[in-house]
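Enquirer:
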Amino acid sequence: ETGVTQSPTHLIKTRGQQVTLRCSSQSGHNTVSWYQQALGQGPQFIFQYYREEENGRGNFPPRFSGLQFPNYSSELNVNALELDDSALYLCASSGGQGTFVHNEQFFGPGTRLTVL
Amino acid sequence: GQNIDQPTEMTATEGAIVQINCTYQTSGFNGLFWYQQHAGEAPTFLSYNVLDGLEEKGRFSSFLSRSKGYSYLLLKELQMKDSASYLCAVRGSNDYKLSFGAGTTVTVRA
Numbered sequence: 084e085t086g087v088t089q090s091p092t093h094l095i096k097t098r099g100q101q102v103t104l105r106c107s108s109q110s111g112h113n114t115v116s117w118y119q120q121a122l123g124q125g126p127q128f129i130f131q132y133y134r135e136e137e138n139g140r141g142n143f144p145p146r147f148s149g150l151q152f153p154n155y156s157s158e159l160n161v162n163a164l165e166l167d168d169s170a171l172y173l174c175a176s177s178g179g180q181g182t183f184v185h186n187e188q189f190f191g192p193g194t195r196l197t198v199l
Numbered sequence: 066g067q068n069i070d071q072p073t074e075m076t077a078t079e080g081a082i083v084q085i086n087c088t089y090q091t092s093g094f095n096g097l098f099w100y101q102q103h104a105g106e107a108p109t110f111l112s113y114n115v116l117d118g119l120e121e122k123g124r125f126s127s128f129l130s131r132s133k134g135y136s137y138l139l140l141k142e143l144q145m146k147d148s149a150s151y152l153c154a155v156r157g158s159n160d161y162k163l164s165f166g167a168g169t170t171v172t173v174r175a
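Same order as they appear, the protein sequences are chains Y and R. Okay, so the first sequence: first residue is 84 according to this note's numbering, each after it adds one. Okay, so the second sequence: first residue is 66 according to this note's numbering, each after it adds one.
(1) List the residues of chain R whose Cβ lies closer than 8 Å to the Cβ of Glu187/Y, in chain order.
(2) What residues from chain A crowd round Gly166/R, counting only those whose CB sits closer than 8 Å?
(3) Would you identify the three-state DSSP class for Lys146/R, choosing helix, strand or coil?
(4) Do Ala170/Y and Gln120/Y have their beta-carbon atoms positioned less than 8 Å apart in this structure?
(5) Can you round the beta-carbon distance between Ser22/R and Cys87/R to whole angstroms, since I take them to be within the 8 Å contact cut?
(6) If you draw a straight line from the C-alpha of Glu136/Y to the C-alpha of Ile85/R, how long is it?
(7) Cα-Cα, which of Leu139/R, Phe125/R, Gly118/R and Val171/R is closest to Lys133/R?
(8) Note down the Cα distance separating Phe98/R from Asn114/R, rounded to an integer number of angstroms.
(9) Determine the burial state of Ser101/R: buried for a count of at least 16 other Cβ atoms within 10 Å of its Cβ, exposed for fewer.
(10) For Ile69/R, which beta-bridge partners are listed by DSSP?
(11) Under a CB-based cut-off of 8 Å, is Gln100/Y close to chain R?
(12) Strictly below 7 Å CB to CB, what residues from chain Y border Ala107/R?
(13) Assess contact between the region 157–167 of chain Y and the region 89–102 of chain Y, defined as three or more Cβ pairs (one per stretch) separated by less than 8 Å. Is contact present?
(14) With distance defined between alpha-carbon atoms, name the residue in Gly139/Y, Arg146/Y and Val87/Y nearest to Ser110/Y.
(15) Kindly indicate which residue of Gly149/Y, Phe130/Y and Ile129/Y has the alpha-carbon position closest to the one of Thr103/Y.
(16) Enumerate in chain order the residues of its own chain whose CB-to-CB distance from His93/Y is below 6 Å, with the five nearest sequence positions on each side excluded.
(17) Going straight from the alpha carbon of Phe125/R to that of Gly168/R, what length do you get?
(18) Strictly under 8 Å for the Cβ-Cβ distance: is Phe28/Y near chain R by that measure?
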């Protein structure tokens, strides 16, 4: 059973550019959530995808968008990057049958995005 | 909305016990989670409480009082590897997102 994976590990962009981050959910999980974690802070919920549909969104502007694919992997897209978008972006997967009593979320290693 | 508070930092000695408190005010409640996060790494699940009381899991225990909006994580027999940030997170009634506190950085000293 493979865990949650994310790519790339690190990324450097400049203001105004666009970025796509990728996440593969843990085997058997059908739900993917994205979080932004600024340095010294807890993760902030961006949105969640369940069976290819957005299933809830946090307080992030529309330039943050996402997709989920039939294999439950997911992308996070951020347009018109701003300096404050510099953060660790975490993907977490959950859901599935039988194994997850508490429906806890399992986090990937994250993508460290730096906007210059 | 959600408001989750936990201390910023705590320091303890190897072999000792540390208790990390978390208070929350949420618009709905469907469980409280504790995660451990080492610097530069992803959060890893430690414990879950949805009913009042104590859940024990080896050296780690977590307590919940829903009426008080209060939880704590108890770390016993501290080891150097327990130096990390500990995140308290609440799941709202819609069951689709976790709201995290800012995390408590625990430093274990020899």
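The beta carbon of each residue, even a glycine, is placed where N, CA and C say it ideally should be.
Expert: The structure says:
(1) For this step, residue 187/Y is matched to residue 104 along the first sequence. The answer, in chain order, is Phe98, Phe110 and Tyr113.
(2) Looking at the structure shown, chain A is missing, and the protein chains on hand are Y and R.
(3) Along the second sequence, read from residue 1 onward, the residue named residue 146/R stands at position 81. Looking at Lys146/R - three-state DSSP - the assignment turns out to be helix.
(4) In the first sequence, the residue the question calls residue 120/Y occupies position 37. In the first sequence, the residue the question calls residue 170/Y occupies position 87. Yes, Cβ-Cβ distance for Gln120/Y and Ala170/Y is below 8 Å.
(5) Coverage of chain R is limited to positions 66 through 175, which leaves residue 22/R absent and any answer about it impossible.
(6) For the purposes of this step, residue 136/Y is taken as the residue at position 53 of the first sequence. For the purposes of this step, residue 85/R is taken as the residue at position 20 of the second sequence. Distance between Glu136/Y and Ile85/R, taken at the CA atoms: about 37 Å.
(7) Counting from 1 along the second sequence, the entry for residue 133/R is found at position 68. Checking every option, the nearest Cα to that of Lys133/R belongs to Gly118/R.
(8) What you label residue 98/R is simply residue 33 of the second sequence in a count that begins at 1. What you label residue 114/R is simply residue 49 of the second sequence in a count that begins at 1. Those two C-alpha atoms are separated by around 7 Å.
(9) Stepping through the second sequence from its first residue, residue 101/R is reached at position 36. One point to set straight first is that residue 101/R is Gln, not Ser, in the sequence displayed. With at least 16 other beta carbons inside 10 angstroms of its own, Gln101/R counts as buried.
(10) Position 4 of the second sequence, counted from the first residue, corresponds to residue 69/R. According to DSSP, which records beta bridges pairwise, Ile69/R is partnered with Tyr89/R.
(11) For this step, residue 100/Y is matched to residue 17 along the first sequence. No, no contact with chain R.
(12) Position 42 of the second sequence, counting from 1, holds the residue named residue 107/R. Simply Leu173, Phe190, Gly191, Pro192 and Gly193.
(13) yes
(14) Within the first sequence, the letter at position 27 stands for residue 110/Y. It is Val87/Y whose Cα lies nearest to the Cα of Ser110/Y.
(15) Counting from 1 along the first sequence, the entry for residue 103/Y is found at position 20. Ranking the options by Cα distance to Thr103/Y, first place goes to Gly149/Y.
(16) Here residue 93/Y refers to the residue found at position 10 when the first sequence is read from its first residue. So the list reads Arg195, once near-sequence residues are dropped.
(17) The residue you call residue 125/R lines up with position 60 of the second sequence. The residue you call residue 168/R lines up with position 103 of the second sequence. In this structure, the CA atom of Phe125/R is about 17 Å from the CA atom of Gly168/R.
(18) With chain Y represented from 84 up to 199, any question about residue 28/Y goes unanswered, as that position is not in the structure.
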